[in-house]
Amino acid sequence: GAGVSQSPSNKVTEKGKDVELRCDPISGHTALYWYRQSLGQGLEFLIYFQGNSAPDKSGLPSDRFSAERTGGSVSTLTIQRTQQEDSAVYLCASSPGDTATYEQYFGPGTRLTVT
Amino acid sequence: SQQGEEDPQALSIQEGENATMNCSYKTSINNLQWYRQNSGRGLVHLILIRSNEREKHSGRLRVTLDTSKKSSSLLITASRAADTASYFCAPAGWAGNMLTFGGGTRLMVKP
């Protein structure tokens, strides 16, 4: 079946502009995660959605970052007034349930470059 | 939250040799997961080992878990050039649902 998809695959934007990154999780997966990865680094957790529960936003680095998940499926990560330090690969993952039981399935990522 | 710390940071071996990567963590876990990442893109899940398991195999992969030492190891036997990637461990706690990844081990397998 189809895996997690993300769009765009690459995004170049000017400092100060807003960007939207999209994630389509695997159908039926209730959990959805956003991470970001700076060059040569590990993954930094950003936000987690599980079903209809309030999202866990504890990893968002600033109020310029927000995310929503419509209808329990597609998610959009929005970065307002982008800064150069926002440049990274943004990875989305989905899971059939929580990490106590299930592994996560990752998308290919969106490479964001802020000039 | 949990965070795994992988060791070594980088490993270079010849094709056919075995590769061992280690992971340490700090608090109680429910399970520990290993992932592989090629070319800085999406991660692929390799194996999940639960806290009540000590060893698990999947093909050429062997994972061990020692909860008393809060450590895990990933062994890749008979390595291939295609195994060249970064490998991350992700301990999963009993509460909370995100995985926290360390910096990974960058494995290079030379043909």
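If you read the protein sequences in the order shown, they are chains G and F. If you read the first sequence in my numbering, its first letter stands for residue 1, the second for the next number, and so on. If you read the second sequence in my numbering, its first letter stands for residue 1001, the second for the next number, and so on. By construction, the Cβ of each residue, glycine as well, lies at the ideal position given by its N, Cα and C atoms.
Straight across, the Cα-Cα distance linking threonine 1077(F) with proline 96(G) is about 30 Å. Proximity of the region 5–22 of chain G to the region 50–63 of chain G falls short of the contact definition, fewer than three beta-carbon pairs being nearer than 8 Å. Residues of the same chain with their beta carbon placed closer than 6 Å to that of threonine 99(G) are lacking, with the five preceding and five following residues left out of the count. Under the criterion of beta carbons closer than 8 Å, serine 1012(F) and lysine 1070(F) do not qualify as touching, at roughly 27 Å. Counting only runs of 4 or more residues that sit fully inside the region 1008–1047 of chain F, no alpha helix (DSSP H) segment turns up. Ranked by how close their Cα comes to the Cα of glycine 28(G), the residues Asp86(G), Val114(G), Gln50(G), Leu77(G) have Gln50(G) in first place. Chain F places no beta carbon closer than 9 Å to that of proline 96(G), leaving this residue out of the contacts.
For valine 74(G), no Cβ of chain F is located within less than 9 Å of the residue's own Cβ.
For isoleucine 26(G), DSSP records no beta bridge to any residue. Rounded to the nearest whole angstrom, the C-alpha separation of alanine 31(G) and tyrosine 48(G) is 7 Å. Note that the C-beta distance between histidine 1045(F) and glutamate 44(G) is not below 9 Å.
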